[in-house]
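Chemist: Below is one structure. I have some questions about it.
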Amino acid sequence: PGFCPHPLLGILILPQTEAGKLWLEDYDYIDSDMKIGPVIVPEKISSFVREGWTAYLELGRKNKRWYITGSGNVYPN
């Protein structure tokens, strides 16, 4: 199957990172316990970003895994 036809798009906070993986929280629902992830990324990306950063991202889902399909601004904390 291809990517999810309805991607998740918005301002997301990075509360957790690991090698090749990111976890995200929707900025509009920060008080909820909902985390999105792991989002699969190259290790070069996961080693660069820091927990607490905010980013405008588009996420798609394929084979029950999340991937970044588009990005905008990233705001270091």
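Counted the way the working numbering counts, the sequence shown spans residues 27 to 103. Ideal Cβ placement from N, Cα and C applies to all residues, glycine included.
I'd like the list of long-range same chain contacts for THR95, defined as Cβ closer than 8 Å, with 5 residues on each side in sequence excluded.
Modeler: These residues qualify, in order along the chain: PHE29, PRO33, GLU84, LEU85, GLY86.
Chemist: Using the Cβ count rule (16 or more neighbours within 10 Å means buried), how would you classify VAL100?
Modeler: Result: exposed.
Chemist: Tell me, which residues are paired with TYR53 by DSSP?
Modeler: Bridge partners of TYR53: none, in fact.
Chemist: To the nearest angstrom, report how far apart ASN89 and LYS47 are at their CA atoms.
Modeler: Rounded to whole angstroms, ASN89 to LYS47 spans 16 Å at the Cα level.
Chemist: Looking only at its own chain, which residues have a Cβ that is under 7 Å from the Cβ of GLY63, when we skip the five neighbours before and after it?
Modeler: Counting only Cβ-Cβ distances below 7 Å, and skipping sequence neighbours, we find LYS47, LEU48, TRP49, LEU50, TRP92.
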